[in-house]
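Contents: one structure, followed by commentary.
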Amino acid sequence: MPTLLETLEFSSIVEVTSSGLSSEGDKDATQPHSPYNPQSTHRRKVFHSWLKIGRETDYDLESNIVGKQTLDIGCGQGDMIELFAATLKAQGNQSSRVVGVDPASLDYGEPWTLGDAQAGLLAGPVGEYLSFRQTTAPALVASQPTGTYSVAYFAHSLYYFPSYATIIQNFKSLLNAGVQTLLLAEWSLSISDLAALPHLLAVLLQSIDPISDGNVRTVLSPAAYMTAAMEAGWEVASSETFAPVAGLEDGKWETGFARTVAEKTAIGRQAVQTVERSVESVQRESLTAHADALEASIVSAGGVDRVRCMDVWTAIFRPAASKTA
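Here it is as structure tokens:
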């Protein structure tokens, strides 16, 4: 049987991830979960990164996945969970499963809601390999026997969490539930292409003044995520940073959302002209500076439509030695 990495690199994953295609061979990248969609291509690169850095450091990630249950935390519409399930199916494994957990309303999302996207996956060719739970990870693992899940991953879902403390709580609950491997993938707050600078500034701007229904709430650097994981009892096994695929639109989307914050900031610009700088005025000054820098970076990139995504950081964590002794 081929390894997961070999399956991901050489097998025709398209054949088992075609739930979003209107007909066989129809390369419609606008359909949900289409393997030709840049988002699907990006998720494949993230999964490949985890498997690759695990192999490079002799960390046996595959044995923790094959034949066991994996937890996708903040699964959303299911881009990553489908890829996981499709790779397992393409490999020929019959006993592995992936469970997606997300507390968001099933009516959330556009142009396809979470409910519609998840229902499509369950009815599709990899439906038997996955399932969904509308709850939080701590609540789910607390309701099940210790050791139910061997691997848990956060694939671009950490920004959604309301606080640093909540992230640590999730990390701790997974460790206490017997999870053996923690996988993280998030924006790195670094760029290898200047056209990604608007994405970086947009995220930082929203972290100062989050949009109530936005995707960015808690922004941390890779170093901060590693600190949070260590506080929760994990240790890093391997990590890397890479440039995302072309055509990925997250940077463009977040830049547009951040302009909402910038417009609100512009209304109160005069408030910073005070003799004594209060905490509120200092925050407003920072917002103004970020907003101005964002607009300048958009111009440098050639407009919002040319904005690229910042680099991606992936990491593998295992229980710290002190926790397994």
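Sequence positions in the sequence shown follow this note's numbering and run 96 to 420. Ideal placement from N, C-alpha and C gives every residue a C-beta, glycine not left out.
### Task
Please determine, among Gln275, Ala319, Ala353, the residue with the shortest C-alpha to C-alpha distance to Ser302.
Ranking Gln275, Ala319, Ala353 by Cα distance to Ser302 puts Ala353 first.
### Message
Classify Lys122: buried if its beta carbon has 16 or more other beta carbons within 10 angstroms, exposed otherwise.
### Response
Note that Lys122 scores 46 on pLDDT, short of 50, meaning its location in the model is unreliable and no value can be drawn from it.
#### Entry: DSSP beta-bridge partners of Glu281
Under DSSP, the beta-bridge partners assigned to Glu281 are Trp408.
### Task
Using beta-carbon positions only, say whether Thr336 and Trp408 come within less than 8 angstroms of one another.
Against a cut-off of 8 angstroms, the Cβ pair of Trp408 and Thr336 comes out as a contact.
### Query
Where does Gln239 sit, in a helix, a strand or coil, going by DSSP?
DSSP places Gln239 in coil when its eight states are reduced to three.
### Query
Just checking my contact of Leu103 with Thr152 at CB under 8 angstroms: how many whole Å lie between their CB atoms?
So it is not a contact: roughly 18 angstroms between Cβ atoms.
### Message
Let me see if you follow: with CB-CB separation under 8 angstroms, is Ser376 close to chain B or not?
### Response
The structure shown contains no chain B; it is built from a single protein chain.
### Query
In terms of DSSP beta bridges, what is Glu330 paired with?
Beta bridge pairing from DSSP links Glu330 with Arg413.
### Query
Given that a residue counts as buried once 16 or more other Cβ atoms are within 10 Å of its Cβ, and exposed if not, what is Met321?
By the 10 Å Cβ count, Met321 comes out buried.
### Message
Tell me the residue span of the beta strand (DSSP E) that contains Asp174.
### Response
For Asp174, no beta strand (DSSP E) run applies; the uninterrupted alpha helix (DSSP H) run containing it begins and ends at 174-186, by DSSP.
### Task
Would you kindly check if the distance between the Cβ of Met96 and the Cβ of Gly219 is under 8 angstroms?
Contact check for Gly219 against Met96 fails: the beta carbons are separated by 8 angstroms or more.
### Query
How should Thr98 be labelled, buried or exposed, when 16 other C-beta atoms within 10 angstroms of its C-beta is the threshold for buried?
Result: exposed.
### Message
Check this for me: beta carbons of Ala415 and Gly273, under 8 angstroms apart or not?
### Response
Not closer than 8 angstroms, so no.
### Message
Pull the bridge partners of Ala247 from the DSSP assignment, please.
### Response
Paired residues: Leu166, Leu277.
### Query
Is DSSP giving Leu225 helix, strand or coil here?
Secondary structure at Leu225: strand, using DSSP grouped into helix, strand and coil.
### Query
Using 8 angstroms as the Cβ pair cut-off and three pairs as the minimum, do the region 238-245 and the region 386-394 touch?
Counting Cβ pairs under 8 angstroms, fewer than three are found: no touch.
### Task
Go ahead and pull the three-state DSSP assignment for Thr261.
The three-state reading of DSSP puts Thr261 in helix, counting H, G and I together.
### Message
Tell me which residues share the same chain as Phe105 and place their Cβ nearer than 8 angstroms to its Cβ, disregarding the 5 neighbours each side in the sequence.
### Response
Here the set comprises Pro97.
### Query
If you draw a straight line from the alpha carbon of Ile148 to that of Thr276, how long is it in whole angstroms?
Cα-Cα distance, rounded: 13 angstroms.
#### Entry: Alpha-carbon to alpha-carbon, Gly162 and Asp304
Those two C-alpha atoms are separated by around 44 angstroms.
### Message
Check this for me: beta carbons of Asp197 and Gln164, under 8 angstroms apart or not?
### Response
Going by C-beta atoms, Asp197 is not nearer than 8 angstroms to Gln164.
### Query
Going by beta carbon distance, what residues of the same chain come within less than 6 angstroms of Leu284, once the five residues before and after it are set aside?
In the same chain as Leu284, and ignoring 5 residues on each side of it, the C-beta atoms closer than 6 angstroms to its own belong to Ser316, in chain order.
#### Entry: Run of the beta strand (DSSP E) containing Arg192, from where it starts to where it stops
Arg192: member of the beta strand (DSSP E) spanning 192-196, first to last residue.
### Query
How is the alpha helix (DSSP H) around Ile160 delimited, first residue to last?
Unbroken alpha helix (DSSP H) run through Ile160: 156-160.
### Task
Express the C-alpha separation of Gly222 and Ala388 in angstroms, rounding to a whole number.
Looking at the two C-alpha atoms, the distance is approximately 45 angstroms.
### Length of the line joining the Cα atoms of Glu390 and Pro339
Taking the straight line from one Cα to the other gives about 23 angstroms.
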